[in-house]
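Engineer: One structure, pasted below without further comment.
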Amino acid sequence: MTVTRENEVLQALDILKSKTWVDLTHTFGPSSPHFAAFKDAEFETLYTHDDGFFAQQFSVSGQYGTHIDAPIHFVRDQRYLEELDLQEVVLPLVVIDKSEAAGENHDYILTPEDILEFEQVHGKIEAGTFVALRTDWSKRWPDKTSFENKDANGDSHIPGWGLDALKFLFEERQIKAVGHETFDTDAAIDARKNGSLIGEYYVLEQDTFQVELLTNLDQLPAKGAVIFNISPKPEKASGFPVRSFAILP
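Right, dumping it as structure tokens:
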């Protein structure tokens, strides 16, 4: 039988559906944890089945729940969400597991040395990949107090990426994008020290995207999976809640 292009696509779909799919997205609502500067989401029922159909209205910031940040989120004159190509948001996935270290030190910051140690075990991180930082912070969801992890002075203690680690990944390994389980790219202690989210600015300055508030990274291998980051397409958006999922090898 002649294999057509159409058959190739259908065969590929059959293969993908035979694999394990892992949802990397939190279910969110008005009481979910979110960046402190944003309001709680509001869900309003507009019509019920007694009216003939069920319909709702949602008021939510673009960076709410598991979400994708477009370059314009931090960097002027960069791309909006709608300008990201479809193939850009489907990438080979690498997961760096620092959950034990983050559990022992809530201010843990990923370093280039951590990445080199990872590569000693799993091989060099390939160009064009999506690199996720696993800290297991997502296991605190949906408890706001636990997720924010504030001390007696009201300061949060949340792990994150170090700027040097991000520069190593983008400049030395030529990766495409990053993701994490926390509100921000930067560790909370770094954000306070620097007075800004310099790591997040750096990532988006690369004219790429990132995904925040991922979950279920503990169900993924270090390498071999593929991540899909699918979102609506609002006009001139800096970001939006996303449905991220991975297909395992």
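Each residue of the sequence shown is one higher than the one before, starting from 9 at the first, in my numbering.
Backbone N, C-alpha and C define an ideal beta-carbon position, used for all residues, glycine too.
Exposed or buried, which one is tryptophan 149 when buried takes at least 16 other CB atoms within 10 Å?
Structural biologist: That one is buried.
Engineer: When DSSP labels each residue in this structure, what does phenylalanine 61 get in the three-state scheme?
Structural biologist: Correct three-state label for phenylalanine 61: coil.
Engineer: Quick check on serine 67: buried or exposed, where buried means 16 or more other Cβ atoms within 10 Å of its Cβ?
Structural biologist: When all chains shown are included, serine 67 counts as exposed.
Engineer: Can you give me the Cβ contacts of phenylalanine 62 inside the same chain, cut-off strictly under 8 angstroms, excluding the 5 residues immediately before and after it?
Structural biologist: Contacts found: Thr53, Tyr55, Thr56.
Engineer: By Cβ distance below 8 angstroms, which residues in the same chain neighbour valine 250 in space, the five residues on each side in sequence not counted?
Structural biologist: Thr33, Thr74, His75, Ile76, Val219, Asn237, Ile238, Ser239.
Engineer: Taking Cβ to Cβ, would you say proline 120 is nearer than 8 angstroms to alanine 173?
Structural biologist: In this structure, alanine 173 lies closer than 8 angstroms to proline 120 by Cβ.
Engineer: For tyrosine 338, collect the residues of the same chain with a Cβ closer than 6 angstroms to its Cβ; drop the 5 residues on either side in sequence, then sort them by chain order.
Structural biologist: The structure shown does not extend to residue 338, since the chain is modelled only from 9 through 257, so no value can be given for it.
Engineer: Nearest CA to the CA of leucine 225: which residue from Ala110, Ala254, Ile183?
Structural biologist: Ranking Ala110, Ala254, Ile183 by Cα distance to leucine 225 puts Ala254 first.
Engineer: Which residue or residues does DSSP assign as beta-bridge partners of proline 100?
Structural biologist: BP columns for proline 100 point to Val234.
Engineer: Taking the alpha helix (DSSP H) that valine 17 belongs to, which residues open and close that run?
Structural biologist: 13 to 25 is the extent of the alpha helix (DSSP H) around valine 17.
Engineer: Could you name the residues of the same chain whose beta carbon sits closer than 6 angstroms to that of serine 164, not counting the 5 residues immediately before and after it, in chain order?
Structural biologist: Excluding sequence neighbours, serine 164 sits near Glu156, Asn157, Lys158, Ala196.
Engineer: Count the other CB atoms, across all protein chains shown, that sit within 10 Å of the CB of isoleucine 123; report buried if there are 16 or more and exposed otherwise.
Structural biologist: Isoleucine 123 is buried by the Cβ-count criterion.
Engineer: Go through the stretch 138 to 192 residue by residue and report every complete run of the alpha helix (DSSP H) that reaches 4 residues or more, in order.
Structural biologist: Within the stretch 138 to 192, the complete alpha helix (DSSP H) runs of at least 4 residues are 152 to 156, 171 to 175.
Engineer: Leaving out five residues before and five after glycine 247 in sequence, what residues of the same chain have Cβ atoms less than 7 angstroms from its Cβ?
Structural biologist: Contacts found: Gly70, Gln71, His75, Ile76, Asp77, Ala78, His81, Leu89.
Engineer: Going straight from the alpha carbon of phenylalanine 217 to that of glycine 203, what length do you get?
Structural biologist: Approximately 22 angstroms between the Cα atoms of the pair.
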